[in-house]
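J.: Quick note on numbering that gives the first Met the number 0: the sequence shown kicks off at 0 and runs consecutively.
Heads up, the beta-carbon is just placed ideally off N, CA and C, and yes, glycines get one too.
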Amino acid sequence: MSRAELSAIYRDYIACLNARGWQRLGRFVGDDVRHNGRPLGLAGYRAMLERDVEEIPDLRFDVQLLTSDPPLMACRLAFDCAPKGTFLGLPVNGKRVFFTENVFYRFDREKIDEVWSIIDKAAIEAQL
Numbered sequence: 000m001s002r003a004e005l006s007a008i009y010r011d012y013i014a015c016l017n018a019r020g021w022q023r024l025g026r027f028v029g030d031d032v033r034h035n036g037r038p039l040g041l042a043g044y045r046a047m048l049e050r051d052v053e054e055i056p057d058l059r060f061d062v063q064l065l066t067s068d069p070p071l072m073a074c075r076l077a078f079d080c081a082p083k084g085t086f087l088g089l090p091v092n093g094k095r096v097f098f099t100e101n102v103f104y105r106f107d108r109e110k111i112d113e114v115w116s117i118i119d120k121a122a123i124e125a126q127l
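#1: Contact check, Asp51 vs Phe27 under 8 Å by CB: the rounded distance?
#2: Cβ of Glu54 within 8 Å of Cβ of Lys83?
#3: How big is the Cα-Cα spacing for Leu87 and Arg108?
#4: Assuming Gly29 is part of the beta strand (DSSP E), what are its boundary residues?
#5: Excluding the 5 residues flanking Arg23 on each side, which residues of the same chain have their C-beta closer than 7 Å to its C-beta?
#6: CA-CA distance, Gly25 and Leu41?
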């Protein structure tokens, strides 16, 4: 898979997330996906994303930086949103916050196989 092909697949994945197209998630995410070392599987990964949207109804994934070295992809995502209650253990309670997430992915047969993610919690704390 070329860098351009991987980038196109990833951008389609982000569009799927922003459209809440959970039924299409299996097109982008492998059946045995792992997140930060935890085996979630496709169903668990979908449940994690659905929970995120439940806690943050206006959640939108905005790609700021994207680079790839197939089968690996690195992305900096930006979020400008208002979590309903407690988020990452912080009492956000509907306040609009801006933060970023640095995410690394490993793809296998054009699907996300492993995800490593770090959210900038300090940025949220500074806004509260």
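T.: Straight from the coordinates:
#1: Position 52 of the sequence shown, counted from the first residue, corresponds to residue 51. Position 28 of the sequence shown, counted from the first residue, corresponds to residue 27. The Cβ separation is near 16 Å, so there is no contact.
#2: Residue 54 sits at position 55 when you count from the first residue of the sequence shown. Residue 83 sits at position 84 when you count from the first residue of the sequence shown. It is a contact, given that the beta carbons lie within the stated cut-off.
#3: Position 88 of the sequence shown, counted from the first residue, corresponds to residue 87. Position 109 of the sequence shown, counted from the first residue, corresponds to residue 108. Cα-Cα distance, rounded: 33 Å.
#4: Here residue 29 refers to the residue found at position 30 of the sequence shown. Unbroken beta strand (DSSP E) run through Gly29: 28-34.
#5: Here residue 23 refers to the residue found at position 24 when the sequence shown is read from its first residue. Cys15.
#6: Translated into the one-based positions of the sequence shown, residue 25 becomes position 26. Translated into the one-based positions of the sequence shown, residue 41 becomes position 42. Computed Cα separation, rounded: 7 Å.
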